[in-house]
Each structure stands twice: as C-alpha cells, then as structure tokens.
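*Asks:*
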Amino acid sequence: MWKSEHRRAAERRGLRYPSDLSDAEWALVEAMIPPAKRGGRKRTVDVREVLNGIFYVLSTGCQWNALPTDLPPKSTIYDYLDLWDWDGTLERIHEALYLAVREQAGREASPTVAIIDAQSAKGAQKGGRRSIRRGMTRARRSRAASGTFSSTRSASC
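In this text, residue positions in the sequence shown follow my numbering: the first is 232, and each later residue adds one.
#1: In this structure, does DSSP put Arg364 in helix, strand or coil?
#2: Applying the criterion that 16 or more other CB atoms from any shown protein chain within 10 Å of the CB defines a buried residue, is Gly337 buried or exposed?
#3: Here's a check: name, in chain order, each residue in its chain whose Cβ is nearer than 6 angstroms to the Cβ of Ser250, leaving out the five neighbours to either side.
#4: Check whether the Cβ atoms of Lys391 and Leu298 sit closer than 9 angstroms, and answer yes or no.
#5: Would the segment 243–263 count as touching the segment 321–329 if we require 3 or more Cβ pairs under 8 angstroms?
#6: Skipping 5 residues on each side, what residues in its chain have a beta carbon closer than 7 angstroms to that of Arg323?
#7: Our contact map puts Arg279 next to Leu252 with C-beta atoms below 8 angstroms; I'd like the distance itself, whole angstroms only.
#8: Locate the alpha helix (DSSP H) running through Gly292, then write down its first and last residues.
#9: Roughly how many angstroms lie between the CA atoms of Cys293 and Ile308, to the nearest whole one?
#10: For Gly284 and Pro303, which I take to be in contact (beta-carbon distance under 8 angstroms), what is that distance rounded to the nearest angstrom?
#11: So what's Gly270 in DSSP terms, helix, strand or just coil?
#12: Among Leu282, Arg244, Arg272, Glu236, which one has its Cα closest to the Cα of Thr320?
Here it is in structure tokens:
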C-alpha cells in the first residue's frame, strides 16, 4: 500500500526528466560502473549522463535519433549500453539492486517460491526457445532437390 513515505521516495520533481537518476540512486549505482581503461585517453563523458540517456530511451521507448540534445550523443550512449551488456555490468547492477530491494522489503535475498503458468510449462516441454526458432526459420532445400541442379547435371553428362 502506498504511504506518504513511499510517495516521497518515488517523487521525481527537480529532475530534468522523470527517468533521470536522483543523487541517492546515483550513489547506489556509481560504485558498480567500471572505471575507464588504464593507459588510454581520459574518459571525457559523464557516465551518469550516459545512464540517464539509457533510462530515457527505456522509459519513453523513443528512437535513438529522438534523444534530446542535452544528453550525450546517441552513439556514445549506445556504445556504453553495448559494452556494459557485453561485460556483465548491467546484469551486476540489476542483481545488486534486486537483492537490496528484496532485503529492504523484509524478504529473503533470493526468492524461495516460483510460479509457472501453463503456457511456460508447455513451452518448456516442447523445448522452449529452440522449438520456436526452428518453426520460424525457413526450411533449407538441398541442391539435389532443385530442378535447376538436376537439369544442368543431366545436360553435362
């Protein structure tokens, strides 16, 4: 149930965009962002603004070309998103925040019960993702079954 303290914590006033990180949120995430690589050029982009750009795209669903100009360039934001997805930074941030929220709510860090609906169970029985992919891909035809292959073969013999 929403109480006044919950509403105060969820208040987004004073931020440029509702998707921007507050100072408290940034304090939680900042330590999980990997530092710039050693030996290279010094990082010139504000990583907090990069995260704000990622959250802006995720919360509004806008196209990359429609990012506001006061955020870093779309190529910079996308490159960091791709890098952090590849090196596991996004997964580590998600896991840490997920566990913190569960503990804050007075629950165990990892869930002890899972609910699976009938649709998920059916997908798992059939092989799940692999069977869907197989059904969506086009069947390959052998060259021998092709009319062109057989006619050229017989003509050359």
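By construction, the Cβ of each residue, glycine as well, lies at the ideal position given by its N, Cα and C atoms.
Here the structure is a predicted model, which means the values were calculated and not measured.
*Replies:* In short, the structure shows the following:
#1: Taking the sequence shown and counting its residues from 1, the one referred to as residue 364 is at position 133. At Arg364, the pLDDT of 45 sits below 50, so the modelled position is not reliable; the number obtained from the coordinates is stated separately. In the structure shown, Arg364 sits in a helix (DSSP, three-state: H, G or I).
#2: In the sequence shown, counting from the first residue as 1, residue 337 sits at position 106. With fewer than 16 other Cβ atoms within 10 Å, it is exposed.
#3: In the sequence shown, counting from the first residue as 1, residue 250 sits at position 19. Once the five neighbours on either side are set aside, the close Cβ partners of Ser250 are Phe286, Tyr287, Ser290.
#4: Absent from the model: residue 391. The displayed extent of the chain is 232 to 388, so no value can be given.
#5: yes
#6: Start at 1 with the first residue of the sequence shown, and residue 323 comes out as number 92. Contacts found: Met263.
#7: On the sequence shown, residue 279 is found 48 positions in, with the first residue counted as 1. On the sequence shown, residue 252 is found 21 positions in, with the first residue counted as 1. Indeed they touch by this definition, with Cβ atoms about 6 angstroms apart.
#8: On the sequence shown, residue 292 is found 61 positions in, with the first residue counted as 1. No alpha helix (DSSP H) contains Gly292, which DSSP labels as neither H nor E.
#9: Numbered from its first residue, the sequence shown carries residue 293 at position 62. Numbered from its first residue, the sequence shown carries residue 308 at position 77. Roughly 14 angstroms separates the two Cα atoms.
#10: If you number the sequence shown from 1, residue 284 lands on position 53. If you number the sequence shown from 1, residue 303 lands on position 72. About 6 angstroms; that satisfies the 8 angstroms criterion.
#11: The residue labelled residue 270 in the question sits at position 39 within the sequence shown. Gly270: coil per DSSP, three-state reduction.
#12: Counting from one through the sequence shown, the residue named residue 320 turns up at place 89. Answer by Cα proximity: Leu282.
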